[in-house]
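Protein chains in written order, with our numbering: chain A, 1 to 165; chain B, 1001 to 1165.
We put the CB at the ideal spot given by N, CA and C, even for glycine.
These numbers were taken from a predicted model, which means no experiment stands behind them.
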DNA sequence: AAAATACCGACTAGAGAGGTCGGACTTGGC
DNA sequence: GCCAAGTCCGACCTCTCTAGTCGGTATTTT
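Structure follows, in C-alpha cells:
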C-alpha cells in the first residue's frame, strides 16, 4: 500500500519541529522534549533521532542540557533524505535495490517501467524540503486537505473499496 | 520503505502480460499459463487475478479452456488502478485514509504536507497506463535501469547504507 | 559524586504479508 | 448423464518485519 513506516513519520515530525526551532536561542532540543510534545514513546523517538545523527542529518550534544539540532539549513534537507535515513533506500519492488533479489528477475516484464515510476516518486519526495514542510504546516494546516480531496478521481472504478486487510 | 506488495507486483506482471495478448486470437489466458511463465505460485496468481476481476479490471471465463482477459483497452487502465485494486487505497501515513487513525492527529505537524506528497505520488501512478508499461517493457527493457542509476545521489551522505533491518 | 542526557544493542509482542489447502461451481467432452 | 479440467472463493497457516521496550554505557553539567 506504499506506506512509509511510523519511524519515518516520527523522523519527519522531529525534523519539522527542529526546523522551526532553527535560529532561535535554544536550537538544541532533547529527545524527551520532542517525544512528550507529540505523544511519541521516548525511547523510540531517541532511537530515531540517533539514526538521523548517524546519517548526518542531525548533530547531537551529549551530557546534561544536551540535545539535537539540524546539521544543515532546512532548505537543503529533503523529505526523501529523512525517509531514506530511517527506512533505507526506496524499494518500490523487491528488485529495486539489488539486481537479483527476486526469482523472477529474468522473466519479469515490469521491471523497467517500475524503475521509472520509482524514480518519479523519489524525485517528488526529493523536491520537497523540510523548510517547505515547516512553512506549510505552520501557515495552512487544514486548507491543504480540502484542496487535494477533490483530485482523488481514478481512471476506473477502483475507488469504492476493494475491501482487503 | 514505500514498497508495494508482491501481490501488486504480480498483478502488474499479469496485466502487462494480458495487455500484450490483447487483440490476438487467444486473448483469454489461464492463471496457470501466467503463473508458470513468471514462476509465480499458481494459487497466489489465481487469487490476484480473481481480485482484479472483482474490481472490474479483468473479465473471466469459467470452465475448461477458460481464463482471463482485460475488460477495457489497456490505455484506459492506469498503474494506480491495478495497485489500488490489490492493495487498497494509497496510505502514505497512518492518517492518510481516515481522519483519526493515529493518536497524534491533533498534534501532528506533518499531516498537511504529507497529504500533498501523497497526491503527487497518486498522480504519478495515475498517468502511467498499462499500455505504456507494456510498450516500454517490450522495447527497451535494459536501457531504463542505466539511465536512472546515476541520479541516485542524495542531499546528505545517506547513500552508503543506514544498515537497518 | 550525582543528575541528566545521548548512545547502543538485544529482546518481545503483534500485525501483516506471502503462500497453501480444500471445496464449490462451471464448462467441455465422452 | 457422468467425468475431467478448470475457474472461483474463502479459510487457514507461517514467517517476516514493524513498533515498542529494556538494560546498560558514555559523556557532560552542576
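Quick test of your reading: residue 1137(B) and residue 112(A), contact by CB under 8 Å. State the CB separation rounded to the nearest angstrom.
5 Å
So, does the stretch 1037–1046 of chain B touch the stretch 1079–1096 of chain B, judging by three or more C-beta pairs under 8 Å?
no
Would you call residue 119(A) buried or exposed, if buried means 16 or more other Cβ atoms sit within 10 Å of its Cβ?
buried
Could you name each continuous beta strand (DSSP E) segment of 3 residues or more that falls completely within the stretch 72–132 of chain A, going from the start of the chain to the end?
none
Where does residue 1036(B) fall in DSSP's three states?
helix
Would you kindly check if the distance between the Cβ of residue 135(A) and the Cβ of residue 214(A) is under 8 Å?
Residue numbering for chain A in the displayed model covers 1 to 165; residue 214(A) lies beyond these limits and cannot be assessed.
Between residue 1038(B) and chain A, is there a C-beta pair that is closer than 8 Å?
yes
Neighbour flag for residue 70(A) against chain B, beta carbons, 8 Å:
no
Look up residue 1063(B) in the DSSP assignment and give the residues it is bridged to.
Looking at the DSSP assignment, residue 1063(B) forms no beta bridge with any residue, so it has no partner.
C-alpha distance - residue 1019(B) paired with residue 1110(B), whole-angstrom precision:
39 Å
In this structure, does DSSP put residue 69(A) in helix, strand or coil?
strand
Residue-chain proximity (residue 75(A), chain B), Cβ-Cβ < 8 Å:
no
Are the C-beta atoms of residue 1144(B) and some chain A residue less than 8 Å apart?
Legend: pLDDT at residue 1144(B) = 41, less than 50; position of this residue unreliable, value from coordinates given subsequently. It does: the Cβ of residue 1144(B) has a partner Cβ on chain A nearer than 8 Å.
Buried or exposed for residue 1105(B), going by 16 or more other Cβ atoms inside 10 Å?
exposed
Of all Cβ atoms in chain B, is any one closer than 8 Å to the Cβ of residue 32(A)?
no
Option nearest residue 1050(B) by Cα separation, candidates 1086(B), 1001(B), 1129(B) and 1033(B)
1086(B)
Cβ-based burial, residue 1003(B) [other Cβ within 10 Å; buried from 16]:
buried
Excluding sequence positions up to five away, which residues of its chain have a Cβ less than 6 Å from the Cβ of residue 5(A)?
87
Could you give the distance in angstroms between the alpha-carbon of residue 1010(B) and the alpha-carbon of residue 64(A)?
53 Å
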